[in-house]
Amino acid sequence: MTPLKRLPFSKYALFCLLFLLGNIANAGVHTSPSDSREYLTFTLNNQMKVLVISDPTSSKAAASLDVAVGSNANPKEREGLAHFLEHMLFLGTEKYPEAGDYQAFISSHGGNHNAYTAFENTNYFFDIKADSLEPALDRFSQFFISPLFTDKYVDRERHAVHSEYQAKIRDDGRRIYAVTKQILNPENSYSQFSVGSLETLADNENGKIRDDLIKFYQQHYSANLMSLVVLGNQSTADLKALVEAKFTAVPNAHVRPFRNNTPLFKPASLPLKLNIKTVKDLRYMSMTFPMPEVRSQWRKKPLYYISSLVGYEGAGSLLSELKAKGWATGLAASTGTSLPGESTFHVNIALTPEGLQNQEAITQLFFNYIDLIKQGGISETLYQEESDLNRIQFRFQERNEPIHYVSQLSRQLRQYPMQETIRAPYLFEAFDAELIGSYLTNVRPDNMLLTVKARDVETDQSNPWYNVEFSAKPISTDMQQAMLQGPKTAALYIRGTNPFVATNLQLKDRATAATNPQVILEQPGLTLWHQQDASFSSPKANLFFSVMSHRANLTSKDAVLTGLYTRMVKDRLNEVLYDAYVAGLNTDIYPHLKGFSVRLSGYNEKLPVLLEKVTAELKNPMFTEQRFAVIKQQYADQLANAKKEKPFNQTINEIFQLLLPQWSKAEKLGAIDTVSFADLQRFTPELLAETELRVLSHGNMLADEATDMANHIAVTLLKKVQPKHLSQTPVVRLQKGRPFVQTLDLPHNDSAISIYFQGNDSALKTRAEFAILSELMSSPFYSRLRTEKQLGYVVFETPLPLRKAPGLAFVVQSPVADPLSLEEHITHFMDDMGDQMLAMSDTQLEKYKRSVISRILKEENSLSERSARYWNQIDRNNADFHSREALAKSIAELSLQELQQGFKQLRDRQLIVRSFGLKHMENASREEIGRTCDVEINSLKIAGEFMPEA
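Mapped onto mature numbering (1 follows the signal peptide of the UniProt record, and there is no 0), the consecutive letters of the sequence shown carry residue numbers -27 to -1, 1 to 923.
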């Protein structure tokens, strides 16, 4: 095999050696050479696999335990049992019997927690302040040693699971998944309903649900099926000792992982055409092909390679041709399902209305492209390129948040040999043309599940759990033959090598590095902030720039045109941007209230090339009327579908709509119908006619290089300079003394409410009070309304600052209570919190202060995370970059009396956004259902009633 000549041979050989050896100091665990953390793997006496990670620099500790059992082991008469068990483990153990103890401890020590149940595994995880790891692990370990399964919580949590099921019953993703499972082999547990409901989790003639829960736990929650990952700032030896002390007591039943060897599809059930009616105005066509199992091929990754070719979006690709014909807007290819005995290859195509009418022609193009791959796409050169790119990605792997990192690794610790836990996803060890070809032979019409998902499809059946209309019909032999006999086209061809692959991966001289971005270029209409930052030891940089224009949002039509402009530019650049993306360069172009922004990030060597291509298209976009029609339809669908989002999401979004100077989705939807291609052509030069540029350069880049790129942006895009006052984005100041109430009319069975509390001002002290109060109330609010009252699955309190204006919100979506009742529950909660505030001690307050300060001052894990913070500060005119430290100082200085006074004023300024569920409408008065405040709030905007800037 001849490697691609991207690096001089000596550097390439060294690079490969570093990749293959990994960080050999880490007790046999192959890690990235750029990862300074220490790793240690071991197995407890009870056969639990463990990986501990020592990171002395981390302010957060984290842990995750993965159990090798999920919904695959649900008894047929107990669908959802594994998911129900996941819920129950949070509700008390023998050592910590209080149902909310674990949650309250994690929350009050600056942490987060969650869990999920998948088909083959259940994953539990948390993070916390580093100095609180030991007591957190003590609580966490008891989940797997002595859970209580208290009777009253068994019954309550059944309702919580049912609420989760009901909350997502109109979610198209869930509905499509449910129908797809329904047509699978009923003898395979993958076909089962996996969420659970009051019906499946009820006591019945076969036994009590609590007994079945305990039986499932004892049968499957065995230490030998568990993988644990713990990250802390202690040494690996100390972390190992901590794990041994906490988890050795987890029982080992010496059980094997549950396996169902029945095939996913019944014999002779394919090929099959499946139509699924969607709630939203969506149009997708997917093709799924059963395959031999692929897990054992993790070193060679044949399906990944096939997916990279089919999913390619550059010139000559399947997507490129589908877009040229006006039939598609997107395409994704991947391993669909990966099970111990089989897998699937899955291709999903986002269709236009015209594409929906040309399904047969699309399948013909698809199989034409598969033929091309068989004939010339199984290429050692392209495989080696995939291998090289993954080596580079592994070499300069960015740190993830500890909570996500441990969750990911606990799953991988189960899937791969212990020493390959981290490196395995990046390995492409050997090109095997025969192996790749053997998987490709399964991509054929007679082995296909063809699924069309849209609102306008013919159906004749209904799914029992989600009430989804669908149809399932065999694909005739004639139709199969037709799919293979499409006309050949020269527009389809296999891609060449990627021009964006970086060859210079050196770090710049650190001598000029500053601690924060500095203004290094300021001239009329252009300000450049720059920081050369080598603290992440990565040859990457981020270049962000914002083009601010008065025309961007003057009217709802202008806002739509700005959105269409950015979408059209991205569409025009897609073939170029995809190559860049594959090579580790990311591009985002998006509209905002003051204009639009561009974010370029990745290996710094190729950023200037990417910038030139993006700015050239921004300045002189070569739009076509055909693509305009497609993008306009896509944008209109997105605006219309917003009405069908989850109710709680819509109540939160309405807060932003009402209090910020932005056009509502309904206003944009009304405007988009009037927009023509000629309008866009006229608008584009007007948008760019009078602008101001703000640029941030951050990472592995010298000041001269940053200046050159900023000047290039200015020369290309800056024509006439506009006044700088556009940079302010005011927030409506709610009046004191009464709540504003906005009622939404939403087609959903559940009711929802968001009660937003706004600070009296934007002063640092007020923001400090809101930060502490949010931390104080989050866990008890969840415990009261979710665990105790069982009002719904979606229950949370969240900080909700708008610009510099402090705020927080209580959010509930409920299948059992209307908004008036929910408001009453929240009011009672606030009353009780007032009593608790009066009883609070200085010692208790200090604990919450430490938690909040730790969260605020947490060091970023990656260059991109830090760049995002800098960009946010620039956008808010806080370009001294010390706002975090100032807020932390204000929190530290806050007295108990000041906080108590702040709580008394919390309800001074309120906005309530709510929706009555369909099942709750009949008991509500017309006056309540029709109550709105948008006219009043618009009057405040007109009168200039805005929050003062601090």
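Glycine included, each C-beta is placed from N, C-alpha and C at the ideal position.
- By the Cβ neighbour-count rule, Asp429 is exposed, with fewer than 16 other Cβ atoms within 10 Å of its own.
- Nearest neighbour of Leu795 by Cα position, chosen from Thr336, Ile726, Lys822 and Tyr821, turns out to be Ile726.
- Between the C-alpha atoms of Ile351 and Asn321 there is a straight-line separation of about 22 Å.
- Counting the other Cβ atoms within 10 Å of the Cβ of Thr462 gives fewer than 16, which makes it exposed.
- DSSP places Ser281 inside the alpha helix (DSSP H), whose first and last residues are Pro275 to Val283.
- A residue is called buried when at least 16 other Cβ atoms come within 10 angstroms of its Cβ; Gly875 meets this threshold and is buried.
- Leu201 is bridged by DSSP to Val23 and Leu38.
- The stretch 8 to 25 makes contact with the stretch 221 to 240: 3 or more CB pairs, one atom from each, lie closer than 8 Å.
- DSSP, reduced to helix, strand and coil, places Ala609 within a helical segment of the structure shown.
- Of Ile745, Ile885 and Leu255, the smallest CA-CA separation from Lys820 is found for Ile745.
- Excluding residues up to 5 positions away in sequence, Asn248 and Ser444 lie with their Cβ nearer than 8 Å to the Cβ of Glu431 in the same chain.
- Contact annotation, Gly575 with Leu558: C-beta distance approximately 3 Å; criterion of less than 8 Å satisfied.
- CA-to-CA, the gap between Leu54 and Tyr126 works out to about 15 Å.
- Take the alpha-carbon of Gln388 and the one of Thr394: they are about 8 Å apart.
- When the five nearest sequence neighbours on each side are left out, the beta carbons in the same chain lying within less than 8 Å of the beta carbon of Thr739 are those of Gly732, Asn733, Pro779 and Gly875, in order along the chain.
- For Ile322, the secondary structure class from DSSP, reduced to helix, strand or coil, is strand.
- Within the model, the alpha-carbon separation for Asp808 versus Ala861 is close to 26 Å.
- Here the alpha carbons of Asp124 and Gly65 stand approximately 11 Å from one another.
- Sorting Leu480, Asn87 and Ser837 by C-alpha distance to the C-alpha of Leu573 places Ser837 at the top.
- A direct Cα-Cα distance of roughly 9 Å separates Arg483 from Asn673.
- A buried status is given to Gln381, since no fewer than 16 other beta-carbon atoms sit within 10 Å of its beta-carbon.
- According to DSSP, Gln505 shares a beta bridge with Gly672.
- A residue is called buried once 16 or more other Cβ atoms fall within 10 Å of its Cβ, and His82 is buried on that count.
- When DSSP states are grouped into helix, strand and coil, Ala859 belongs to the helix group.
- Runs of alpha helix (DSSP H) with 4 or more residues, each lying fully within the stretch 851 to 919, are found at 856 to 866, 869 to 877, 899 to 902 and 907 to 915, listed in chain order.
- When rounded, the separation of the alpha-carbon atoms in Pro313 and Ala140 is 32 Å.
- A buried status is given to Pro490, since no fewer than 16 other beta-carbon atoms sit within 10 Å of its beta-carbon.
- Take the alpha-carbon of Asn593 and the one of Glu663: they are about 16 Å apart.
- For Asp848, DSSP assigns no beta-bridge partner whatsoever.
- Taking 3 residues as the shortest admissible run, the stretch 297 to 379 contains the following complete beta strand (DSSP E) segments, listed from N- to C-terminal end: 301 to 311 and 315 to 324.
- The Cβ neighbour count for His60, taken over all protein chains shown within 10 Å, is at least 16; the residue is labelled buried.
- For Asp100, the pairing in a beta bridge is given by DSSP as Ala35 and Asn85.
- By the 16-neighbour rule on beta-carbons within 10 angstroms, Asn477 is exposed.
- By the neighbour-count criterion, in which 16 or more other beta carbons inside 10 Å mark a residue as buried, Met521 falls on the buried side.
- Arg776 sits in coil when the DSSP states are folded into three classes, being neither helix nor strand.
- With fewer than 16 other Cβ atoms inside 10 Å of its own Cβ, Pro390 counts as exposed.
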